[in-house]
Structures are given as C-alpha cells and as structure tokens.
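A.B. asks: Please find one structure pasted underneath; my questions will follow.
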Amino acid sequence: MRGRLPPLTVLVRNNLCVQAASDPHRQHQPAGTMITSPKALDGGWGWMIVVVSFMAQLLAYGSPQSVGVLYPEWLHAFQESKGMTAWVGSLVSGVGLIASPICSACVESFGARPVTIFSGVMVTGGLMLSAFAPNVQFLMFSYGIVVGLGCGLVYAATLTITCQYFDKRRGLALGIVTTGTSVGAFLYATAQNELIVLFGLDGCLLIVGALALNLMACAGFMRPLHMPSYYLKQKAALERNTEDQLFEKPQVDDVKVAPGTAATTPEKALIIKELLITIDTKDSVVHANEKRGGFPACSTFLKVLKKKQQAYARYMHSVADILQCRVMVAFCIGVFLFSLGSFPPVLFMEDVAQSGGMIEEVGIIPLVSIVAITAGVGKLVLGALADLKWINSIYLYAFTMFATGASLLLIPVTKTYVGLQILSAVVGFFSGNWSLTSYITTRIVGMDRLTQAHGILMFFGGFGIVLGPPVVGWFFDWTQSYDMAFYFSGSCVVLGAFVLFLLALPCWDGKTPESDRSDVQYTSNCNKVASVA
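Here it is as structure tokens:
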C-alpha cells in the first residue's frame, strides 16, 4: 500500500478539483491532470508591472546612461588618462550585463520584488560612496562595480517579470519598459549638469543616490505571477512541520503527465517543480533525522555536495545546449560586436565636441540627452514593429546594427556641432534595438529558457561594453584624435550586422522562410528559428 502523499501534493490536487469544477474550459481534461497558474495576462495588473518596471529602469540607469556628463568632470578632477577614466563608464554599464547569468539566477530563485529591493540598496550605496572617491581606482569599484551590479539586478528583474505578464503584446511591453533607461538618461543628463553647477560633483552624486532609493517603492508593486523556488521550499517545510509523521515519496504515477494533455507545455511544469521541491525538502529533513540518529555529519554533507554538483552539471549542460543553436550563437556575436562599437559614442560624444572645438562647454541639451531621447523613441517604434507578423525581428535587428555602424563611420568626417547632433539622434534611435533582445531570445529558445538564455546573451553584451570605451580611449591617447577610434567602432558594428544576417539565413538548413509566424510555437529547435523570429 502506497504511503500518504505530501501535504503540498494533496493541496494541489484539491485546488485542481475546485478549478476543474469552476472552469468549464477544463472539463475535457482527464482526471488527475495537473494545471498551473494561468497564462500571461496581456493586461490588467501587467500594465502596472510595466509602469513600475519603467520607473525602476529610469531610476537605476539614469546616471549610468548619462555618465558622459560626468566623464569630463572626472578627467578634470583626477587628471588621469582618457583610457583609464573610461573604465568607470564601461564598468557601470558592462558589469551588470556580464553578471546577467547570476542576476537571472537570483531573480528565478528569489523573485523580482526582493531582487529589486536589494538592487536599490546597491545603487544608492554605490552612488553615495562615489561622492567620496579619492581617485579613479576607487570610482571603478564604487561607481563601476557596485552600481553596475545593482543595475544588472534591476534589468534582469524588470525584463523577467514583464515577460511573465505578457505574451501577444510582449514586444510593446518590453519596448515601454526599456524606454525607462532612455528617459532616465535624458532627464539625468540635464539634471546632473545643473546639479554639478549648483552643488559640485560630490553633491550631485549624493542627490542622485538619494533618488535611487525609490527603487524600493517600485519593488512593492511587483506582485509575482509565479512563486519563486525559495518560497515554495519554505511553504513545503511549514506544511510538513504540522504533520505528525513523515510522508513517503509520491509514486511515479503521481507526477506523471499524460502525453498530449495541457500539462506537457513548459507552463505546466510548475506543479511538478513544486512536488520535486517538496521531495527535496523532505529528504533534507530525513538526512537531519539520520544525523541525530547517529549517522556521521560528513555523510550528509557529502550527499548535499553531490546534489549541488549535479545541479551545476545540469546548468552547464543546459548552457551548452543553448549555445548549440546556430542562430543563438550568431545573436550573441552580433550583440557583442554591437556593444563593443556602439556604446563609446554615448560616453565620448561630449568630449568629441569639446576636443574638436565645436563647443566650449556642454550644450543646453547635451548630446547624451539627444542619444537618450531618440533611443527611447527607437525602443517604442522597434518594439511595436517586432509585434507585426510580417516583420522578421532578427533581420530587423541586423538592419538597425548596420544603420548604427554607418552613422558611427560618419562621425569623424563631421565638423559641425549640428552634424554631431543629427548623427547622435540617428545612433540613439537605432540603438533602441535593445528592446528587441528579450523578444528575439524568447522566439529562439522559448519562454521556459528565457531567463537563462537572456543571461548568456547579456554576458556577451556586457563584455563588449566593458572593452569598448577603454579601447576608444586608448586610440585617442595613441593618436590624439577620435577618428581612428570611431572608424574601429563603426567597423565592428557593421561586421556584427553581416554576421548576424548571414548566419540567420534559413538556407543553412535547406528551408525557406515562412511569411506568417502566427501558428509557430516557441521551440528550442533552431532549424526554422530565422523564420520564426
């Protein structure tokens, strides 16, 4: 006779009975079929998630995205080379992206709300600590690493929870959310310029750091659609402690899902995940009882260590499986080359104008602000275009890369401030393609692997951002001109566009692209991914 099922399993089955009785659309499903929480809502509270995610990215990325305003002040204050000082701006934008796999794992384990609260502490502390920086090396830690990691946590949390709440309108929702970085850069560029005049560089950083505390208020509205794994473990442990005796593991039939039912989709795996977490937590209690019964403590430790090693092995295997997709690899290469070449103009544009004698001081509307506001418009427009059935989002991304690279190649031959303003607007608009990264990643690997795959993609993007500004700064220190630096940047972006376009062609698989993608499901099989995206 089988042992009694875990309390969580009984609770789930009871809830299923109630749901099946109250929902007529579920009456056709076989008895015992496990059903998880509803699909993405595409509205309702999802729009509140969009608003608070927009504000969170505005508060977190406002100062880092407008770091070009602070860059000349740091050059004057610390008298370091342009290449050394550029590390501050590259680290704050790149470290968070490089750590995206870790940030994504934190969001998956703890949820978007706790991660956003913690990121608010990091961003605020890093900005205020930078006000007391004695040298550039200290700034690289306080502003570059601490603030950068906090921004990376915000980015992962906001994108993940937005993708959970939206399906058909995901492109538009992500476009609105990622516009927060551009609006923040536009507002903060002008605000930081005025704050420096009124309160000095140190006072500016203190005030901006105080504003970042509002990230905690934004986190309060991030109601989770799915409970994080740590909550499920605590819930299972609490329910088990109310039982008088230990239960046995459920039989295989209890967690087996009949093929062809709705439970075979990635969304329906959450109930099985809850059961496995319950079993895992129960095993921990059994190990603790064995320890009290006389088993050596090292035996329990070795078993836990073995489980951790198996989990890491599964994670690495999943990463390798994602990187076996040709289109995903091409996308990673394209994002790396795009980040390597397109980010330096944001940092150096003001210094380019001042070094060329086009303007003595920062303009009323800084070039950084022009890049930021046009990038916000670009994110909205490109996000809306990605939702159209007849547009291939991968080819759209490749086109934006080519247009950005061509604009960068024109910067060295531009000798007027108006010309720089126009090119800044063009570069900003097409750099709004960052709103497409989560959308394209979802189309390539599916919603169930979005968090992990997007973390890998952002690792490549962050690596390019970290290398880009120092390389451009070294070019200037070597040639005393930005011409070679921008030729290098533009060439990298154009090369990335061609690599992505060529490797994404469906002819590599001997298939022709499909014109309509409405009936194509998310899949990890990449044979038709170019046409799907």
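Per the numbering used here, residue 1427 is the first one in the sequence shown, and the count goes up by one each step.
Yeah, the Cβ is synthetic: ideal placement off N, Cα and C, and Gly gets one too.
Since the structure is predicted, the reported quantities are computational estimates derived from the model, not experimental observations.
Within this structure, are the beta carbons of TYR1591 and ILE1475 separated by less than 8 angstroms?
C.D. replies: Within the sequence shown, numbered from 1, the residue matching residue 1591 stands at position 165. Within the sequence shown, numbered from 1, the residue matching residue 1475 stands at position 49. Yes, Cβ-Cβ distance for TYR1591 and ILE1475 is below 8 angstroms.
A.B. asks: For ARG1875 and LEU1585, I'd like the C-alpha separation in whole angstroms.
C.D. replies: Position 449 of the sequence shown, counted from the first residue, corresponds to residue 1875. Position 159 of the sequence shown, counted from the first residue, corresponds to residue 1585. Those two C-alpha atoms are separated by around 14 angstroms.
A.B. asks: So for ASN1818, helix, strand or coil by DSSP?
C.D. replies: By one-based count along the sequence shown, residue 1818 stands at place 392. Reduced to three states, the DSSP call for ASN1818 is coil.
A.B. asks: Can you tell which of TYR1843, SER1765, TRP1860 has its C-alpha closest to the C-alpha of GLY1809?
C.D. replies: Residue numbering aside, residue 1809 sits at position 383 when the sequence shown is read from its first letter. When each option's Cα is compared against that of GLY1809, the closest is TRP1860.
A.B. asks: Classify PHE1960 as buried or exposed, calling it buried when 16 or more other Cβ atoms lie within 10 Å of its own Cβ.
C.D. replies: It is not possible to answer for residue 1960, since the shown part of the chain is limited to 1427 through 1959.
A.B. asks: Rounded to whole angstroms, what's the CA-CA distance from PHE1889 to ILE1759? Just pull it up for me.
C.D. replies: Looking up residue 1889 in the sequence shown gives position 463. Looking up residue 1759 in the sequence shown gives position 333. C-alpha separation (whole angstroms): 11 angstroms.
A.B. asks: Within its chain, find whatever has a CB closer than 8 angstroms to the CB of ILE1891; leave out the 5 residues flanking it on each side and keep chain order.
C.D. replies: To locate residue 1891, count along the sequence shown from 1; it is residue 465. Here the set comprises SER1516, SER1519, GLY1520, LEU1523, SER1765, LEU1766, PHE1769.
A.B. asks: Where LEU1929 and VAL1634 are concerned, what is the direct C-alpha to C-alpha distance, given to the nearest angstrom?
C.D. replies: As a position in the sequence shown, residue 1929 is number 503, starting the count at 1. As a position in the sequence shown, residue 1634 is number 208, starting the count at 1. Those two C-alpha atoms are separated by around 43 angstroms.
A.B. asks: Buried or exposed: TRP1816, going by 16 or more other Cβ atoms within 10 Å of its Cβ?
C.D. replies: Position 390 of the sequence shown, counted from the first residue, corresponds to residue 1816. It counts as exposed.
A.B. asks: Does PHE1592 come out as helix, strand or coil in the three-state DSSP assignment?
C.D. replies: As a working note, residue 1592 is residue 166 in the sequence shown. The answer is coil: DSSP assigns PHE1592 none of H, G, I, E or B.
A.B. asks: Using only alpha-carbon positions, find the residue among VAL1898, VAL1871, LEU1862 that is nearest to VAL1778.
C.D. replies: Here residue 1778 refers to the residue found at position 352 of the sequence shown. Per the Cα distances, VAL1898.
A.B. asks: Does GLU1776 pass the burial test, meaning 16 or more other C-beta atoms within 10 Å, or should it be called exposed?
C.D. replies: Taking the first residue of the sequence shown as position 1, residue 1776 is located at position 350. That one is buried.
A.B. asks: If you draw a straight line from the alpha carbon of ILE1528 to that of VAL1844, how long is it in whole angstroms?
C.D. replies: As a working note, residue 1528 is residue 102 in the sequence shown. As a working note, residue 1844 is residue 418 in the sequence shown. Cα-Cα distance, rounded: 42 angstroms.
A.B. asks: With VAL1807 as the anchor, note down where its alpha helix (DSSP H) starts and where it stops.
C.D. replies: As a position in the sequence shown, residue 1807 is number 381, starting the count at 1. Taken as a continuous stretch (DSSP letters only), the alpha helix (DSSP H) holding VAL1807 covers 1793–1812.
A.B. asks: Pop quiz: VAL1495 and GLY1570 are said to be a contact at Cβ under 8 angstroms. What is the actual Cβ separation, rounded to whole angstroms?
C.D. replies: The residue you call residue 1495 lines up with position 69 of the sequence shown. The residue you call residue 1570 lines up with position 144 of the sequence shown. At roughly 16 angstroms, the Cβ-Cβ gap does not stay under 8 angstroms, so VAL1495 and GLY1570 are not in contact.
A.B. asks: By the three-class DSSP mapping on this structure, what secondary structure does ASN1640 have?
C.D. replies: For the purposes of this step, residue 1640 is taken as residue 214 along the sequence shown, with counting starting at 1. It is helical.
A.B. asks: Straight-line CA distance for ARG1718 to SER1535?
C.D. replies: For this step, residue 1718 is matched to residue 292 along the sequence shown. For this step, residue 1535 is matched to residue 109 along the sequence shown. Residue confidence is low: ARG1718 scores 48 on pLDDT, short of 50, so the model does not pin down where it sits. Its coordinate-derived value is still stated next. Going from the Cα of ARG1718 to the Cα of SER1535 covers about 30 angstroms.
A.B. asks: Drop a sphere of 10 angstroms on the beta-carbon of CYS1933, count the other beta-carbons inside from all chains shown, and report buried for 16 or more, exposed for fewer.
C.D. replies: Along the sequence shown, read from residue 1 onward, the residue named residue 1933 stands at position 507. So CYS1933 ends up on the exposed side.
A.B. asks: Could you tell me the alpha carbon to alpha carbon distance between SER1960 and CYS1644, rounded to whole angstroms?
C.D. replies: Residue 1960 lies beyond the residue range present for the chain, which begins at 1427 and ends at 1959; the question has no answer from this structure.
A.B. asks: Measure how close the beta-carbons of LEU1793 and LEU1862 come, nearest whole angstrom, since I'm counting them as under 8 angstroms.
C.D. replies: Along the sequence shown, one-based indexing puts residue 1793 at 367. Along the sequence shown, one-based indexing puts residue 1862 at 436. About 24 angstroms separates the two Cβ atoms, so there is no contact after all.
A.B. asks: Looking at C-alpha atoms only, which residue of LEU1814, LEU1811, PHE1774 is the closest neighbour of SER1795?
C.D. replies: Looking up residue 1795 in the sequence shown gives position 369. For SER1795, the nearest C-alpha among the options comes from PHE1774.
A.B. asks: Ignore the nearest five residues each way along the sequence and tell me which others in GLY1854's own chain have a CB closer than 6 angstroms to its CB.
C.D. replies: Locating residue 1854 in the sequence shown gives position 428, counting from the first residue. Hits under 6 angstroms: VAL1797, THR1800, ALA1801.
A.B. asks: Under a three-way DSSP split, which group does GLN1563 fall into?
C.D. replies: If you number the sequence shown from 1, residue 1563 lands on position 137. If DSSP states are grouped into helix, strand and coil, GLN1563 belongs with the helices.
A.B. asks: Given ALA1851, which residues of its chain have a CB within under 6 angstroms of its CB, disregarding the five upstream and five downstream residues?
C.D. replies: Here residue 1851 corresponds to residue number 425 of the sequence shown, with the count starting at 1. Answer for ALA1851: ILE1796, THR1800, listed in chain order.
A.B. asks: I'd like to check one pair, SER1526 with HIS1743: are the Cβ atoms closer than 8 angstroms?
C.D. replies: Along the sequence shown, one-based indexing puts residue 1743 at 317. Along the sequence shown, one-based indexing puts residue 1526 at 100. Contact: no.
A.B. asks: Could you tell me whether the Cβ atoms of TYR1865 and ALA1829 are closer together than 8 angstroms?
C.D. replies: Position 439 of the sequence shown, counting from 1, holds the residue named residue 1865. Position 403 of the sequence shown, counting from 1, holds the residue named residue 1829. No; because the gap between Cβ atoms is not below 8 angstroms, this pair is not in contact.
A.B. asks: Going by alpha carbons, who is nearest to LEU1484 out of ILE1602, LEU1555, ILE1791?
C.D. replies: By 1-based counting over the sequence shown, the position of residue 1484 is 58. Of the candidates ILE1602, LEU1555, ILE1791, the one whose C-alpha sits nearest the C-alpha of LEU1484 is ILE1602.
A.B. asks: Just verifying my parser: in three-state terms, what is the DSSP assignment at GLU1506?
C.D. replies: Taking the sequence shown and counting its residues from 1, the one referred to as residue 1506 is at position 80. Three-state DSSP puts GLU1506 in coil, outside helix and strand.
A.B. asks: Just the C-alpha distance for ALA1638 and PRO1895, rounded to the nearest angstrom, thanks.
C.D. replies: Taking the first residue of the sequence shown as 1, we reach residue 1638 at position 212. Taking the first residue of the sequence shown as 1, we reach residue 1895 at position 469. Each residue's alpha carbon lies about 25 angstroms from the other.
A.B. asks: If distances are taken between C-alpha atoms only, which option among THR1867, LEU1834, PHE1480 comes closest to MET1648?
C.D. replies: Here the question's residue 1648 lines up with position 222 in the sequence shown. With distances taken between Cα atoms, MET1648 lies closest to PHE1480.
A.B. asks: According to DSSP, is PRO1527 helix, strand or coil?
C.D. replies: Counting from one through the sequence shown, the residue named residue 1527 turns up at place 101. Helix at PRO1527.
A.B. asks: What did DSSP end up calling THR1840 once you bin it into helix, strand or coil?
C.D. replies: Here residue 1840 corresponds to residue number 414 of the sequence shown, with the count starting at 1. It is coil, neither helix nor strand.
A.B. asks: Between which two residues does the alpha helix (DSSP H) harbouring PHE1927 extend?
C.D. replies: In the sequence shown, the residue the question calls residue 1927 occupies position 501. 1909–1929 is the span of the alpha helix (DSSP H), which, as asked, contains PHE1927.
A.B. asks: So, with DSSP's three-state summary, where would you put MET1873?
C.D. replies: Position 447 of the sequence shown, counting from 1, holds the residue named residue 1873. DSSP places MET1873 in helix when its eight states are reduced to three.
A.B. asks: For PHE1886, which residues in the same chain have their Cβ closer than 8 angstroms to its Cβ, ignoring the five residues on either side in sequence?
C.D. replies: Position 460 of the sequence shown, counted from the start, is the residue given in the question as residue 1886. CYS1758, ILE1759, VAL1761, PHE1762, SER1765, listed in sequence order.
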